[in-house]
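Before any comments, here is the structure.
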Amino acid sequence: MRSAFVLLIGALACSFGADQPAPEQLPPKITYKPGSDSQKQEGVPAGELIGPVLFKSKVFDGTVRQYWVYVPAQYKPEHAASVLVFQDGQRAVNPKGVIRAPVVLDNLIHRKEIPVTIGIFVTPGHRGTEYPASLGTGNPNNRSVEYDSLGDAFAKLIVDEMLPEVAQKYTLTKDPNERAIAGFSSGGIAAFTVAWERPEAFRRVYSAIGSFTNLRGGHVYPDLVRKADTKPIRVYLQDGVHDNRSPMNTKRDWFLQNQLMVEVLREKDYDYKYVLGAGGHADDHGGALLPDALRWLWRDHAAVKGK
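Just so you know, this note's numbering puts the end of the sequence shown at 307, numbered straight through with nothing missing.
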């Protein structure tokens with residue numbers, strides 16, 4: 001059964017196709033804080049976070065990137081694990097950040113709210129032969145080329161390079177319904193692109209403050225989705241009413257472009273959930289929602305239903 005959920009903040013009316021509210025009608029910008037599911041809990045076994053590991057791509061030749069692998073305490077090599085691939089991995093694994101994906105996975109797997117899942121956290125590529133230690137949680141210089149471009153190049157990197165790389169050491173599921181891919185901002189459109197281009201490999205998407213805008217042509221996605229047959233992918237979208245507004249150039253307005261994505265997912269009968277908050281272009285709301293997003297994406301998984 002398809003489902004569509006829209007969470008509106010306050011009295012804000014965001015009807016599709018209607019005139020958008022004036023700035024003075026918007027609720028005040030909110031900063032969101034990670035909830036209890038994003039905090040270490042007593043009695044919850046911690047998985048192992050391995051990395052960073054250096055990786056040189058053949059798809060994006062001349063770049064170098066890092067990745068981390070999260071292995072849950074419940075993982076057994078004889079049983080194929082579900083998979084979560086996260087863009088901007090350096091931010092997603094940051095213990096002082098707002099996403100804290102490894103801790104979220106610890107808590108949700110322990111409570112059997114999601115299946116036993118191996119996390120793969122990948123940075124964008126950096127042009128050159130060395131990954132600069134000075135980057136920290138910042139953006140490598142090939143990020144926009146990889147994340148914001150349409151086409152199948154980035155999907156090839158994830159599906160044909162990263163998954164086989166990690167599968168050399170860990171038993172990963174080959175079932176696309178047990179594979180999720182996530183990202184924020186340009187990582188959000190990149191996550192959608194992977195599932196859109198390769199639904200035989202990924203069918204679960206979490207896109208937060210996704211850059212479905214005209215950075216490198218991403219604003220055409222609503223039309224692409226509308227004209228294509230509905231694909232078997234499930235999508236959780238998050239955005240904020242203050243997300244990079246650009247009333248003079250709507251193709252570069254993050255909020256409006258996300259609204260168009262939601263509209264076309266509804267029209268095409270996709271299984272999606274949309275959460276709209278009062279934040280801006282930042283990771284905080286998407287990070288706070290990560291536990292809910294993962295629970296929803298895997299809500300009908302046999303391991304979860306049978307807990």
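Note that the Cβ used here is the ideal one computed from N, Cα and C, for glycine as well.
The model shown is predicted, which means the values in this text are computed figures rather than measured ones.
Anticipated Cβ contact below 8 Å, residue i with residue j, distance rounded
i, j, result
"ASP37", "LEU108", "7 Å"
"SER186", "SER211", "5 Å"
"ASP148", "LEU215", "4 Å"
"VAL235", "THR173", "Their Cβ separation, rounded to whole angstroms, is 20 Å, which puts VAL235 and THR173 out of contact at 8 Å."
"THR193", "LEU150", "7 Å"
"GLU267", "ARG203", "That pair is no contact at about 20 Å."
"GLU165", "PHE154", "Their Cβ separation, rounded to whole angstroms, is 15 Å, which puts GLU165 and PHE154 out of contact at 8 Å."
"PRO45", "HIS110", "7 Å"
"VAL262", "PRO27", "With a Cβ gap of about 19 Å, VAL262 and PRO27 do not count as contacting."
"PRO140", "ARG65", "7 Å"
Residue of the options minimising C-alpha distance to residue i
i, options, result
"VAL53", "THR31, ARG127, ARG111, TYR131", "TYR131"
"ASP239", "PHE184, ASP106, HIS79", "PHE184"
"LYS307", "ARG204, VAL166, ILE114, ASP292", "ILE114"
"LYS169", "ILE50, ASN142, ALA46", "ILE50"
"SER57", "LEU105, LYS29, ASN142", "ASN142"
"PRO222", "THR31, MET248, TYR270", "TYR270"
"ASN177", "GLN39, ASP300, LEU26", "ASP300"
"ALA167", "ALA155, ARG65, ALA80, LEU297", "ALA80"
"ARG252", "ILE30, VAL220, ASP106, LEU26", "VAL220"
"TRP254", "GLY287, ALA201, LEU224, ILE209", "ILE209"
"VAL93", "PRO28, THR137, THR250", "THR137"
"ALA190", "LEU224, GLY128, ASP152", "ASP152"
"ASP175", "PRO232, ALA133, LEU224, SER144", "PRO232"
"ASP229", "VAL205, LEU260, ASN249, VAL264", "VAL264"
"LEU224", "LEU260, ILE30, THR250, THR171", "LEU260"
Inter-residue spacing [alpha-carbon to alpha-carbon] between residue i and residue j
i, j, result
"ARG179", "PRO199", "10 Å"
"GLU48", "LEU163", "18 Å"
"SER15", "ALA302", "At SER15 the pLDDT is 41, less than 50, meaning the model places this residue with poor confidence and gives no usable figure here."
"TYR272", "PRO72", "27 Å"
"ALA13", "TRP68", "Any answer about ALA13 is weak, because its pLDDT of 40 lies below 50 and its placement is not dependable; what the coordinates show is given next. One C-alpha to the other measures close to 41 Å."
"ASP292", "LEU237", "11 Å"
"GLY217", "ALA195", "17 Å"
"ARG245", "GLU78", "49 Å"
"TYR32", "ASP284", "5 Å"
"HIS281", "ASP243", "5 Å"
"ASN258", "THR213", "9 Å"
"VAL304", "VAL104", "16 Å"
"LEU289", "PHE55", "30 Å"
"PRO95", "GLY188", "21 Å"
"ARG295", "PRO247", "35 Å"
"LEU297", "ILE181", "10 Å"
"GLY43", "ASP106", "11 Å"
"THR129", "GLN25", "50 Å"
"GLN41", "HIS126", "36 Å"
"VAL205", "SER144", "19 Å"
"ALA133", "TYR70", "21 Å"
"TYR317", "LYS112", "Lying before the first or after the last residue shown, residue 317 is absent from the chain, which here runs from 1 to 307."
"THR250", "GLY286", "23 Å"
"ILE30", "ALA201", "36 Å"
"GLU197", "THR171", "24 Å"
Minimum Cβ-Cβ distance from residue i to chain B less than 9 Å
i, result
"LYS174", "The structure shown contains no chain B; it is built from a single protein chain."
Sufficient close CB pairs (3 or more, under 8 Å) joining the stretch 151-163 to the stretch 89-101: no
Runs of beta strand (DSSP E) wholly within the stretch 107-131 (minimum 3 residues, chain order): 117-122
Sequence ranges, alpha helix (DSSP H) only - wholly within the stretch 127-179, length at least 4: 143-148, 153-156, 163-167
Cβ pair count under 8 Å reaching 3, the stretch 266-286 against the stretch 56-71: no
Cβ pair count under 8 Å reaching 3, the stretch 122-130 against the stretch 74-90: yes
Every unbroken beta strand (DSSP E) inside the stretch 186-249 [3 residues or more]: 204-208, 234-240
Whole beta strand (DSSP E) elements within the stretch 13-79, 3-residue minimum: 48-56, 63-71
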